[in-house]
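Participant:
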Amino acid sequence: KQEVTQIPAALSVPEGENLVLNCSFTDSAIYNLQWFRQDPGKGLTSLLLIQSSQREQTSGRLNASLDKSSGRSTLYIAASQPGDSATYLCAGQQYSSASKIIFGSGTRLSIRP
Amino acid sequence: GAVVSQHPSWVICKSGTSVKIECRSLDFQATTMFWYRQFPKQSLMLMATSNEGSKATYEQGVEKDKFLINHASLTLSTLTVTSAHPEDSSFYICSAPPEGGTDAYGYTFGSGTRLTVV
Chain A
172 KQEVTQIPAA LSVPEGENLV LNCSFTDSAI YNLQWFRQDP GKGLTSLLLI
222 QSSQREQTSG RLNASLDKSS GRSTLYIAAS QPGDSATYLC AGQQYSSASK
272 IIFGSGTRLS IRP
Chain B
1468 GAVVSQHPSW VICKSGTSVK IECRSLDFQA TTMFWYRQFP KQSLMLMATS
1518 NEGSKATYEQ GVEKDKFLIN HASLTLSTLT VTSAHPEDSS FYICSAPPEG
1568 GTDAYGYTFG SGTRLTVV
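Going line by line, the protein sequences match chains A and B. Per our numbering, residue 172 is the first one in the first sequence, and the count goes up by one each step. Per our numbering, residue 1468 is the first one in the second sequence, and the count goes up by one each step.
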């Protein structure tokens, strides 16, 4: 059974720092991987999608990478801002053709002004 | 891009009543819909998978008689929480894979429904 672990569970850093969030899968056979942001009491905002043929995606200050051989993904946030404070979730799609997505436990990020 | 409209956004109901949550795919056909539940400060846990025209598949530990899922058309999937109890209070969210199963886009999520049972 696929399990997804995110480290750290919580992180508090001062504004301006670069930071890395980690995600690992017990089964390294990952087809697609998505990173989401969730604000308190809200739904999900998709940040980055790493498709089956890709290893990395970038959007603005965000960069996500996926190492399929180890079943690990990282989300890099550059020059963090207070507005980045949220819970970040990684989610893996194990197979192609509309298979279910398994979510990680999440990292609660707090950026101090 | 693809949009899944989820209603209601929030609902408060009395213990013992039933609540229906709807998810509609607005500009694409969703042959499959995934239903998740999220308790406070926890991650999203998959409850069940609905497929248009067939019975839903439930994850281990999810009561199929309590959480009724209907996927009657290619654009509508519903989750009904029957005889709700306070422990059913949670955030429920649906998700649909891209039409055709292509991986050009990620899955689309509804905005979620916060259910409070009093």
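Using N, Cα and C, we set each Cβ at its ideal position, and we do this for glycine too.
(1) Do A181(A) and T278(A) have their beta-carbon atoms positioned less than 8 Å apart in this structure?
(2) Where does the unbroken beta strand (DSSP E) through Y1503(B) begin, and where does it stop?
(3) Under the assumption that I1488(B) contacts S1517(B) (Cβ atoms under 8 Å), give the Cβ distance between them as a whole number of angstroms.
(4) What does S276(A) reach in chain B if we use C-beta pairs closer than 9 Å?
(5) Could you tell me the distance, in whole angstroms, from the CA atom of V1471(B) to the CA atom of L1543(B)?
(6) Are the C-beta of F1501(B) and some C-beta of chain A separated by less than 8 Å?
(7) Which residues mark the beginning and the end of the beta strand (DSSP E) in which R208(A) is found?
(8) Quick one: which chain B residues come within Cβ less than 8 Å of I272(A)?
(9) Just tell me which of G214(A), Q225(A), Q252(A), N203(A) has its CA closest to the CA of G187(A).
(10) Let's see if you can read the secondary structure: which residues bound the beta strand (DSSP E) around L246(A)?
(11) Grouping DSSP H, G and I as helix and E and B as strand, with all else coil, what is D1494(B)?
(12) Give the straight-line distance between the Cα atoms of W1477(B) and Y202(A), rounded to the nearest whole angstrom.
(13) Can you give the Cα-Cα distance for E1554(B) and V1584(B), rounded to whole angstroms?
(14) Let me know if S183(A) comes out buried or exposed under the rule of 16 or more other beta-carbons within 10 Å of its beta-carbon.
(15) By how many angstroms is the C-alpha of L1513(B) removed from the C-alpha of E1526(B)?
(16) I want to know whether the region 231 to 243 of chain A touches the region 1481 to 1497 of chain B - three or more CB-CB distances under 8 Å.
(17) So with CB distances below 8 Å, who are the chain A contacts of G1577(B)?
Facilitator: The short version:
(1) If you check the CB distance, T278(A) and A181(A) come in under 8 Å.
(2) 1499 to 1505
(3) Cβ-Cβ separation between I1488(B) and S1517(B): approximately 12 Å, too far for a contact (criterion under 8 Å).
(4) Chain order gives the chain B residues near S276(A) as Q1509, S1510, where near means a beta carbon separation below 9 Å.
(5) 9 Å
(6) True, the Cβ-Cβ gap to chain A drops below 8 Å.
(7) Bounds of the beta strand (DSSP E) holding R208(A) are 203 to 209.
(8) Those are F1501, L1513, S1562, Y1574, listed as they occur along chain B.
(9) Comparing Cα positions, the closest option is Q252(A).
(10) 243 to 248
(11) Coil.
(12) 33 Å
(13) 8 Å
(14) Its Cβ having fewer than 16 others within 10 Å, S183(A) is exposed.
(15) 7 Å
(16) no
(17) G214
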